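Enquirer: Dumping the structure here so I can ask a few things about it.
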């Protein structure tokens, strides 16, 4: 075989290889395009179509709901405040009656102190009742100040509570000369307790009167109060008669 023949054979083999590679490449490219088209078709068929109109309606509905939500929150806050105001008004509207009830409790405390002096009540029993009364007075102070917020009245209420706190047994005093601490006897303690409770009651009466109410709670106080009112009316009537007489 001469050189020319060898060259022809080599060229033929190269051409065949190139043609074979080109055919294979075209087949793969065509196959890939078909697969890509198939996948695109499946993807579009699986994805739900969202119409522009429905999307616009959804956005508009959301925008419309936002003001309604804000109005609902605002209405809820106003309702809560309204209920809170009603609860407070209901609690404080009878504060004068509560003051009279606390006056009755102080009179009961005085009765318990008398029972201690007579030996019917122990020191611990008196102190237990005293702690209960003090707790009630603290609650009453908050109630009164919620209805009548006043610095001066707060000071009066604190003074009243301090008077009652001083009645805790045993009651001890210091001797003037020796500065020795002396424990008072039940009879002497009752005198101190009575004085402190009367001072506290006087403060309550003053607070009740300052609101234009009658502080009387016991039958005797009520009776005396009515008699005083009658006398006031008679005095006013006499004053009017004297004025008319002086003008005539």
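In the numbering used here, the protein residues as written are 1 to 248. Every residue, glycine too, gets a C-beta built ideally from N, C-alpha and C. Since the structure is predicted, the reported quantities are computational estimates derived from the model, not experimental observations.
#1: Kindly indicate the opening and closing residues of the alpha helix (DSSP H) around residue 112.
#2: Should residue 130 and residue 197 be called a contact, given that it needs their Cβ atoms to be closer than 8 Å?
#3: Among 211, 102, 76, which one has its Cα closest to the Cα of residue 150?
#4: Using 8 Å for Cβ pairs, my map puts residue 186 next to residue 117. What's the rounded Cβ distance?
#5: The beta strand (DSSP E) spanning residue 187 covers which residue range?
#6: With DSSP run on the structure shown, which of helix, strand or coil describes residue 15?
#7: In angstroms with no decimal places, state the Cα-to-Cα distance between residue 140 and residue 247.
#8: What residue does the alpha helix (DSSP H) around residue 155 start on, and which one ends it?
#9: The alpha helix (DSSP H) spanning residue 181 covers which residue range?
#10: Measure the C-alpha to C-alpha separation of residue 200 and residue 127 and round it to an integer number of angstroms.
#11: Taking DSSP as the reference, what is the three-state secondary structure of residue 46?
#12: Measure the alpha-carbon distance for residue 244 versus residue 238 and round it to whole angstroms.
#13: Nearest chain C C-beta to residue 150 closer than 8 Å, yes or no?
#14: Would residue 144 and residue 134 be called neighbours here (beta carbons separated by less than 8 Å)?
#15: Please list, in chain order, all residues of the same chain as residue 174 whose beta carbon is under 8 Å from its beta carbon, the five residues on each side excluded.
#16: Relative to the C-alpha of residue 167, which candidate in 159, 153, 192, 215 has its C-alpha closest?
#17: Could you give the residue range of the alpha helix (DSSP H) that holds residue 125?
#18: Please classify residue 102 as buried or exposed, where buried requires at least 16 neighbouring CB atoms within 10 angstroms.
#19: Apart from the five residues on each side of it in sequence, which residues of its chain come closer than 6 Å, Cβ to Cβ, to residue 163?
#20: Identify whether residue 243 lies in helix, strand or coil by the three-state DSSP scheme.
#21: Quick check on residue 84: buried or exposed, where buried means 16 or more other Cβ atoms within 10 Å of its Cβ?
#22: Going by DSSP, what residues sit across from residue 173 in a beta bridge?
#23: Label residue 80 either buried or exposed according to how many other C-beta atoms from any shown protein chain fall within 10 Å of its C-beta, with 16 as the threshold for buried.
#24: Cβ of residue 207 within 8 Å of Cβ of residue 99?
Expert: Walking through what the data contain:
#1: For this step, residue 112 is matched to residue 112 along the chain shown. First-last of the alpha helix (DSSP H) with residue 112: 95-117.
#2: Position 130 of the chain shown, counting from 1, holds the residue named residue 130. Position 197 of the chain shown, counting from 1, holds the residue named residue 197. No.
#3: The residue labelled residue 150 in the question sits at position 150 within the chain shown. Nearest C-alpha to residue 150: 211.
#4: The residue given as residue 186 occupies position 186 in the chain shown. The residue given as residue 117 occupies position 117 in the chain shown. Yes, residue 186 and residue 117 are in contact; Cβ-Cβ is about 4 Å, under 8 Å.
#5: Counting from one through the chain shown, the residue named residue 187 turns up at place 187. Run containing residue 187: none in the beta strand (DSSP E); it sits in the alpha helix (DSSP H), 186-210.
#6: In the chain shown, residue 15 corresponds to position 15, counting from 1. The answer is helix: DSSP assigns residue 15 an H, G or I state.
#7: Here residue 140 refers to the residue found at position 140 when the chain shown is read from its first residue. Here residue 247 refers to the residue found at position 247 when the chain shown is read from its first residue. Taking the straight line joining both Cα atoms gives about 52 Å.
#8: Counted from its first residue, the chain shown places residue 155 at position 155. Unbroken alpha helix (DSSP H) run through residue 155: 151-165.
#9: For the purposes of this step, residue 181 is identified with residue 181 of the chain shown, where counting begins at 1. Residue 181 -> not in any alpha helix (DSSP H); beta strand (DSSP E) instead, spanning 181-183.
#10: Along the chain shown, read from residue 1 onward, the residue named residue 200 stands at position 200. Along the chain shown, read from residue 1 onward, the residue named residue 127 stands at position 127. Each residue's alpha carbon lies about 17 Å from the other.
#11: Residue numbering aside, residue 46 sits at position 46 when the chain shown is read from its first letter. Confidence is the limiting factor: at residue 46 the pLDDT is only 48, short of 50, which leaves the residue's position unreliable and the question unanswerable from this model.
#12: Here residue 244 refers to the residue found at position 244 of the chain shown. Here residue 238 refers to the residue found at position 238 of the chain shown. Those two C-alpha atoms are separated by around 10 Å.
#13: Given the protein chain composition of this structure (a single chain), no chain C is represented.
#14: As a first step, residue 144 must be located in the chain shown, where it is residue number 144. As a first step, residue 134 must be located in the chain shown, where it is residue number 134. No; because the gap between Cβ atoms is not below 8 Å, this pair is not in contact.
#15: Taking the first residue of the chain shown as position 1, residue 174 is located at position 174. Same-chain partners within the cutoff: 180, 181, 182.
#16: On the chain shown, position 167 is the one that residue 167 refers to. Cα-wise, what sits closest to residue 167 is 192.
#17: Start at 1 with the first residue of the chain shown, and residue 125 comes out as number 125. It spans 123-147 - the alpha helix (DSSP H) in which residue 125 sits, taken as one unbroken run.
#18: Translated into the one-based positions of the chain shown, residue 102 becomes position 102. Buried, because 16 or more other Cβ atoms sit within 10 Å of the Cβ of residue 102.
#19: The residue labelled residue 163 in the question sits at position 163 within the chain shown. Contacts found: 196, 199, 200.
#20: For the purposes of this step, residue 243 is taken as the residue at position 243 of the chain shown. Helix at residue 243.
#21: Numbered from its first residue, the chain shown carries residue 84 at position 84. Exposed, by the Cβ-count rule.
#22: Within the chain shown, numbered from 1, the residue matching residue 173 stands at position 173. Note: residue 173 sits in a beta bridge opposite 182.
#23: Position 80 of the chain shown holds residue 80. Residue 80 should be labelled exposed.
#24: The residue labelled residue 207 in the question sits at position 207 within the chain shown. The residue labelled residue 99 in the question sits at position 99 within the chain shown. Yes, they are a contact pair.
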